[in-house]
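Participant: If you count by the numbering used here, then the sequence shown holds residues 1490 to 1631, one letter each, in order.
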Amino acid sequence: MIRAARVPADRPVRIAFSLDGAPDDTPPEDAAPLAFPELDQQLQPLPPRQDSLESMQVFRQHCQIAEEYHEVRKEIALLEERKKELMAKLAQAEKEKVDAAQLAREFEALTEENRALKLAQSQCVEQLEKLRVQYQKRQGSS
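(1) Does the separation of the CB atoms of Phe1548 and Pro1537 fall below 8 Å?
(2) With distance defined between alpha-carbon atoms, name the residue in Leu1575, Pro1534 and Leu1542 nearest to Ile1554.
(3) What span of residues does the alpha helix (DSSP H) with Phe1525 cover, start to end?
(4) I need the boundaries of the alpha helix (DSSP H) containing Gln1623, first residue and last residue.
(5) Which of the three DSSP states is assigned to Leu1535 in this structure?
(6) When burial is assigned at 16 or more other CB atoms within 10 Å of the CB, is Met1576 buried or exposed?
(7) Return the CA-CA distance between Glu1543 and Gln1550, expressed in angstroms with no decimal places.
(8) Can the beta-carbon of Arg1571 be found less than 8 Å from the beta-carbon of Glu1527?
(9) Leaving aside the five residues before and after Arg1604 along the sequence, list all residues of the same chain whose C-beta is less than 6 Å from its C-beta, in chain order.
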């Protein structure tokens, strides 16, 4: 059975283990404490018993899982940031699509207005010509 003691969160923990599988009773002098600040306190790896190979293996597995968790959290953060960027691009594209549709409607309305004005102009030109002809006839008969 593995026995572990809880360490208060405000106390630093010094953790050391050997990667060769052999128990090592003396931690190296330059061993830095392994900390996983992104983990909740209850999920932090507990220091292993130096005299128990099973405890050391469990501790190594826990550290590996904590590192994988950290990598997954980083990837999630990157994906969430990418999602925000894509959502902003989508919103911009939709706005531009709406703007383009509005411009197309305005273009159609102006084109129709232009056609109507050209028609009115040609009718006025015809009417003016008729009036000129009538005026010239009156001038010639008087």
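Backbone N, C-alpha and C define an ideal beta-carbon position, used for all residues, glycine too.
Facilitator: By the coordinates alone:
(1) yes
(2) Pro1534
(3) Unbroken run through Phe1525: none, as it is neither H nor E.
(4) Leu1542 to Ser1630
(5) coil
(6) exposed
(7) Taking the straight line from one Cα to the other gives about 11 Å.
(8) No, the Cβ-Cβ distance between Arg1571 and Glu1527 is not below 8 Å.
(9) none
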